[in-house]
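For reference, the structure is listed below as structure tokens.
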Amino acid sequence: MRKTNCKQIRRELDELMLGEAWSAIATEHLRECAECREFHVQQTKLRKIVGSLGTVEAPADFDFRLRARLAKDASSAPAIYWRLMRSGLVVAATVIIVALGVVVVRDAMRQGENIGEVARKPEVHQPLKPDEAPPVGRQEKQSDDVVAGVTPATIRKVRPTQADYKKRPLSSFAISSTGASVLNGTKPAGMSTAFPIDSSVQPFTVSLEDGRGNAKTISVPTVSFGSQRIVQGGNQFAPKRDW
Amino acid sequence: MNTLTTIDELGFAPALQQDVLEDTTSDHALLEATRSGDQDAFAELVSRYRNQITSYIYRMTNDYDGAVDLAQETFVRVYRAADRYQRSYAFSTYIYRIATNLAISELRKRKRRKLVSLTGFFQPTDGGEAKELNPPDLRPLQDLELVDTERRNAVQRAIGTLPEKYRAPLILRDVDGRSYDEIAKILETSEGTVKSRISRARGFLREKMRAYL
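If you read the sequences in order, they're chains A and B.
Read left to right, the first sequence gives residues 1 to 243 (my numbering).
Read left to right, the second sequence gives residues 244 to 456 (my numbering).
Spelled out as structure tokens, the structure:
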């Protein structure tokens, strides 16, 4: 009880300004409690010492230095504007460069797309019938390049002119005239589904140009891996039982 | 029939003049004038507050030259922000707040600059309040004048070791004699917090200044 009272009284004394009158209860308590009296004496002394520090004066040239500082700030204002403007110019130049870069990259990407489209859309050659003779211009050096089982129609070897050399990319593909077979699950169950690849007429042929107008054709003979069957009835790796 | 020829005869002229005089020389009025380009008004404001602000910052930082620089920076900020000044607070509260912020920034910069602090070895590891190393001086005291000077130096050093959150309210209260309400506004905190911090600050000081009490 007394401890609480001491705490309250000390707080009250602490909050008062020096020389300010305290309450009757505090007076009564101080008369009885030696500890609080001691505390009060020490606290008053301390506050007097701290209060005796007083005010430190500013130097005599304080105003002069302040005016100089303000004047310097004012004169540097145009410099700030110039700096801002300069940074604005830098920003504008950066924006223009970035915009040009975007345009260049976009054009390059469009060119790439066009090349891709050309690659995806092969020239459609009507397959030749066995008894039909190939065109005259496409018969040159036939015996060297043609591997067994490759019909002359699937090989395209062209010696480019100087103009072609400038236009064409360094390599080109000669793609088989027959499109890839599409497999779907529309066939009735139980019917054997195999990849209908005719190994005798589907070689993979690539024609490369070395940049000097010389074309080289590489023809990869077909390799058979046998036939593959699509397993009916879903994924063969699916769990067999309920977990 | 009596007719009044001058306004002085009405009898309230002195009071009116007094009001006008007070209005034109108040801090707010001076700042208004500064805003409209009156350099003399700003000079008057500076002359009113330069010593108080320099002294306050000096007590906070314990570095006179630095305090002068920061006091000047305080006035520069007041000048630059004159257009944005609002009358919701007293001008003294406003300028002391700027000074406090600058002083605290300076103290933090100094703390960052200290790469290795010997006092770090004496800081509690249990998350308690950090205390600078400044053990109480228990040597016997001799001459009275020397004692007085030494005591003031000791208290200044002791204040310099207080954590900044205790230092500012203690200086504003015990050195500058400001009210709790004003201190709370300057430090942007509650009166209760201010009272509690001042009480703790005095507790720290009492421990450090035991030899002089």
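Beta carbons are placed, not taken as given, at the ideal position from N, Cα and C, and that holds for glycine.
Strictly below 8 Å CB to CB, what residues from chain A border B/Val289? Phe62, Asp63, Leu66
When the Cα atoms are used, what is the spatial distance from A/Arg10 to B/Ala325? 43 Å
When DSSP labels each residue in this structure, what does B/Thr392 get in the three-state scheme? helix
Would you call the stretch 340-351 of chain B and the stretch 300-308 of chain B touching, i.e. three or more CB-CB distances under 8 Å? Touching, per the Cβ criterion.
Go through its chain and collect everything with a Cβ distance to B/Thr317's Cβ below 7 Å, but skip five positions before and after it. Ile296, Ile338, Ile341, Ala342, Leu345
Please identify the residue among A/Cys36, A/Gly88, A/Lys45, A/Gly101 whose C-alpha is closest to the C-alpha of A/Arg26. A small correction: the amino acid at residue 26 of chain A is Ala; Arg does not occupy that position in the sequence shown. Out of A/Cys36, A/Gly88, A/Lys45, A/Gly101, A/Cys36 has the C-alpha closest to the C-alpha of A/Ala26.
I'd like to know if A/Lys7 contacts chain B, where contact means its C-beta is closer than 7 Å to some C-beta of that chain. no
Would B/Asp391 pass as a contact of A/Gly51 if the rule is Cβ separation under 7 Å? B/Asp391 is not a Cβ neighbour of A/Gly51, given a cutoff of 7 Å.
For A/Thr94, count neighbouring C-beta atoms within 10 Å of its own C-beta (all shown protein chains included) and say buried if the count is 16 or more, exposed if not. Exposed, because fewer than 16 other Cβ atoms sit within 10 Å of the Cβ of A/Thr94.
9 Å Cβ cut-off: residues of chain A touching B/Thr297: Result: Thr55, Val56, Glu57, Ala58, Pro59, Phe62.
Please classify B/Pro412 as buried or exposed, where buried requires at least 16 other C-beta atoms within 10 Å of its C-beta. Counting Cβ neighbours within 10 Å, B/Pro412 comes out buried, since at least 16 surround it.
Mind checking if B/Phe318 is an interface residue toward chain A, Cβ cutoff 7 Å exclusive? yes
Please report how far the alpha carbon of A/Glu57 lies from the alpha carbon of B/Phe447, in whole angstroms. Computed Cα separation, rounded: 27 Å.
Determine whether the Cβ of B/Leu448 lies closer than 7 Å to any Cβ atom of chain A. yes
Which class does A/Leu208 belong to by DSSP, given the choice of helix, strand or coil? strand
Where A/Leu46 meets chain B, residues with beta-carbon distance less than 9 Å: Val398, Asp417, Arg445, Leu448, Arg449, Met452, Tyr455, Leu456
Give me the residue from B/Ala272, B/Arg453, B/Ile414 with the minimum Cα distance to B/Val437. Comparing alpha carbon positions, the residue from B/Ala272, B/Arg453, B/Ile414 closest to B/Val437 is B/Ile414.
Against chain B, with Cβ distances strictly below 7 Å, would A/Glu20 count as a contact? No - not a single Cβ of chain B is within 7 Å of the one on A/Glu20.
C-alpha gap between B/Ala426 and B/Thr404, whole angstroms: The displayed chain sequence assigns Ile, not Ala, to residue 426 of chain B. Taking the straight line joining both Cα atoms gives about 20 Å.
For A/Phe39, collect the residues of the same chain with a Cβ closer than 7 Å to its Cβ; drop the 5 residues on either side in sequence, then sort them by chain order. Arg10
Count the other CB atoms, across all protein chains shown, that sit within 10 Å of the CB of B/Arg355; report buried if there are 16 or more and exposed otherwise. exposed
As a quick exercise: from B/Ser439, B/Ala454, B/Val319, B/Arg453, pick the residue whose alpha carbon is nearest that of A/Lys7. B/Ser439
Does chain B have any CB closer than 7 Å to the CB of A/Arg69? yes
Counting only Cβ pairs nearer than 9 Å, list the residues of chain B close to A/Glu15. Tyr423, Lys438, Ile441, Ser442
Please say whether B/Ser442 and A/Asp14 have beta carbons closer to each other than 7 Å? For A/Asp14 and B/Ser442, yes; Cβs fall inside 7 Å.
What's the gap between the Cα of B/Arg323 and the Cα of B/Arg449? Each residue's alpha carbon lies about 41 Å from the other.
Step through the CB atoms of chain A and report whether any lies within less than 7 Å of the CB of B/Phe364. Confidence is the limiting factor: at B/Phe364 the pLDDT is only 49, short of 50, which leaves the residue's position unreliable, though a coordinate-based value still follows. Chain A contact via Cβ: absent.
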